[in-house]
Amino acid sequence: MGKDYEKFFADYYVAYDDRNFEAVKEWNKQHKADEKLLCPQFLSPLPEYEHADLKVMIFGQEALRWHNPDDSMNFYEDGHEPQDYSDLYSDYMKLLNGDDAEFKKGGIRKALFNKEYRRLRNLIQQTAKKYGKSAGFMWNNLIKLTALKGGSGKKYFNKLSAVRESSLLIKDELNFFKPNILIFLTGPNYDCVIQDKIADIHIFDVISKEKVKSFPDTQLCIFNIKNIDFALRTYHPQARLTREEWSKLHGKIDRLIADEIGRLYSK
Numbered sequence: 020m021g022k023d024y025e026k027f028f029a030d031y032y033v034a035y036d037d038r039n040f041e042a043v044k045e046w047n048k049q050h051k052a053d054e055k056l057l058c059p060q061f062l063s064p065l066p067e068y069e070h071a072d073l074k075v076m077i078f079g080q081e082a083l084r085w086h087n088p089d090d091s092m093n094f095y096e097d098g099h100e101p102q103d104y105s106d107l108y109s110d111y112m113k114l115l116n117g118d119d120a121e122f123k124k125g126g127i128r129k130a131l132f133n134k135e136y137r138r139l140r141n142l143i144q145q146t147a148k149k150y151g152k153s154a155g156f157m158w159n160n161l162i163k164l165t166a167l168k169g170g171s172g173k174k175y176f177n178k179l180s181a182v183r184e185s186s187l188l189i190k191d192e193l194n195f196f197k198p199n200i201l202i203f204l205t206g207p208n209y210d211c212v213i214q215d216k217i218a219d220i221h222i223f224d225v226i227s228k229e230k231v232k233s234f235p236d237t238q239l240c241i242f243n244i245k246n247i248d249f250a251l252r253t254y255h256p257q258a259r260l261t262r263e264e265w266s267k268l269h270g271k272i273d274r275l276i277a278d279e280i281g282r283l284y285s286k
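Note that the numbering used here has the sequence shown beginning at 20, numbered continuously upward.
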């Protein structure tokens with residue numbers, strides 16, 4: 020992506036930082052540690068994704084403590100540049116998209132979201148391989164700037180323009196990284212970010228939302244989104260379902276994804 024990414028980075032991530040850093044800095048001065056805003060999630064090109072036939076973006080709810088807790092970039096503060104956050108994302112994704120040995124480094128393997136990301140990644144790679152295709156993956160969040168407390172992104176969404184604007188970056192990321200498939204592991208309470216206007220802008224160009232037979236739409240639904248081949252939303256992996264309910268839900272999700280890959284490549 021080279022020069023194209025450099026321009027994207029300057030036009031969107033650097034510009035976001037220029038508009039919002041001072042307000043975030045002031046917020047962090049006035050709030051205790053668990054209310055301070057963490058470093059924003061700026062995506063960076065990943066070779067596996069860039070060269071893949073099938074491009075998949077998997078969304079969580081909010082960018083919480085996703086970085087290495089031992090590094091010095093926990094908070095959005097002086098001493099760091101936008102490039103530092105993009106590099107941090109790249110380093111994290113080397114673990115999340117790495118082989119089993121890489122994934123087991125550090126504590127990231129313990130997160131239920133990361134385990135489900137890996138489960139879906141393995142499923143999609145194996146299915147694409149049946150058609151002689153490769154699959155690449157990126158991780159994203161519907162709210163890309165948040166504090167340590169879970170749910171703080173939604174809590175501050177209408178209080179801080181920097182938090183809202185972090186979500187608006189997704190529209191530009193979709194245009195640049197051009198995923199074929201979107202998977203939202205976000206649950207129904209975040210559908211408002213997917214469907215509703217944020218500052219008079221629709222982040223995702225949703226055409227329709229469809230139920231999946233025999234499942235309540237709180238558990239599983241399909242979004243028809245302009246310029247996206249397939250988009251599915253289900254529960255966050257921390258949702259309290261029984262083992263039997265998870266098994267049934269995963270089985271249906273896996274079939275829907277496999278059918279879509281077949282539709283794309285069995286021509």
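Think of the CB as a built atom: it goes at the ideal place given N, C-alpha and C, for glycine as much as any other residue.
- Within 10 angstroms of the beta-carbon of ASP36 lie 16 or more other beta-carbons, which makes it buried.
- Separation of the CB atoms of THR253 and ILE272 is rounded to 6 Å, and the pair is thereby assigned contact status at 8 Å.
- Apart from sequence neighbours up to five positions away, the residues of its chain that approach GLY155 with a beta-carbon distance below 8 Å are LEU65, GLU67, TYR68, GLU69, HIS70, ALA71, LEU73, LYS74 and VAL75, ordered along the chain.
- Runs of alpha helix (DSSP H) with 4 or more residues, each lying fully within the segment 196-236, are found at 210-214, listed in chain order.
- Its Cα nearest to that of ALA82, the residue TYR108 stands out among PRO101, TYR108, HIS99 and GLU100.
- Counted as a single uninterrupted DSSP element, the alpha helix (DSSP H) harbouring GLU69 occupies residues 66-69.
- Take the alpha-carbon of LEU161 and the one of GLU184: they are about 11 Å apart.
- Beta-bridge pairing by DSSP links PHE156 to VAL75.
- In its chain, beyond the 5 residues on either side, PHE132, TRP158, ASN159, ASN160, LEU161, LEU204, THR205 and HIS255 have a beta carbon closer than 8 Å to the beta carbon of GLY79.
- Look at GLU100 here: in three-state DSSP terms it is coil, with no helix or strand label.
- Taking the Cα of LYS26 as reference, the smallest distance to any Cα among LYS123, GLY270 and GLN102 is reached at GLN102.
- Looking from the CA of LYS197, the closest CA among CYS58, ASP248 and ASP119 belongs to ASP248.
- In the structure shown, THR165 adopts coil according to DSSP, grouped into three states.
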